[in-house]
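Step one of this worksheet: look at the structure below.
Numbering (the numbering used here), first residue to last: 3 to 284.
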């Protein structure tokens, strides 16, 4: 099932015909924010699923190109990102496990704009990633039980500003630096999260084309590593890293589009730089 927020944070299911509003299946849920709503759906999904499936099957679909998508997890409690985590020509070994917290206030939806900050940045990179959505409270997971805590997956771009002091915080957590979505794909729709193609285009030119099977640490292992340090809650997001080999400069006026295999619609953002910097483009 593909869940998505659209228009004024209505929750819907994406079908072959468009997106269907599932409000009739959620009449018993009282919530104050969209994030609270999606968390409650995640936590009670086993009970809600029959009604959601019925609403999706019998409701009226609206064409995808006529709605405005929102991020599927608008403000997760934690947005954990893996640093690297891919076997690459320049990094043929697994290396050390490395992760960081990225500010969830940077999350934006597809067709929004990434605003590049007026900071002394060497280059801006847009990292295409598969992100995991947590379904149950998870602490000290083992590799054997880690997938039991996965509710689903979504598309994610980890925007990065290189060359700043302060490590990952200043490099990763600027406003709008976390494009996500538009769909939240439930785990049963993904046979193997480590067998997915990931592609990213810059201005319609294919820049990245890799598979999640080249991760240095597959999803069960990386979740075990993350939850050895922090407790994850339903609705939290763990992004699984990227293949760095094809990273290139992104700047003002560019359009960036991410497609994880089977996850459509694509995640597309435009880029604005008030300083119109071009020195890094070579």
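All residues carry an ideal CB built from backbone N, CA and C; glycine is no exception.
query	result
Output the distance between the C-alpha atoms of residue 169 and residue 120, rounded to the nearest integer angstrom.	17 Å
Using 10 angstroms around the beta-carbon of residue 27, count the other beta-carbons present and answer buried if the total reaches 16, otherwise exposed.	buried
What is the C-beta distance between residue 80 and residue 232, in whole angstroms, given that I count them as a contact (C-beta under 8 Å)?	7 Å
Only counting the same chain, and skipping five residues up and downstream in sequence, which positions put a Cβ closer than 6 Å to that of residue 83?	102, 104, 160, 241
According to DSSP, is residue 230 part of a helix, a strand, or is it coil?	coil
Can you grab the Cα-Cα spacing for the pair residue 217 / residue 106, in whole Å?	24 Å
So, with DSSP's three-state summary, where would you put residue 216?	helix
Classify residue 154 as helix, strand or coil using the three-state DSSP reduction.	strand
Assuming residue 214 contacts residue 197 under a Cβ cut-off of 8 Å, what Cβ separation, rounded to an integer in Å, is found between them?	7 Å
Buried or exposed for residue 277, going by 16 or more other Cβ atoms inside 10 Å?	exposed
Specify, as a first and last residue, the run of the beta strand (DSSP E) that residue 82 falls within.	81-84
Report the CB separation of residue 250 from residue 201 in whole angstroms; it is logged as a contact under 8 Å.	Rounded, the Cβ-Cβ distance is 14 Å, inconsistent with contact.
Report buried or exposed for residue 144, applying the criterion of at least 16 other Cβ atoms within 10 angstroms of its Cβ.	exposed
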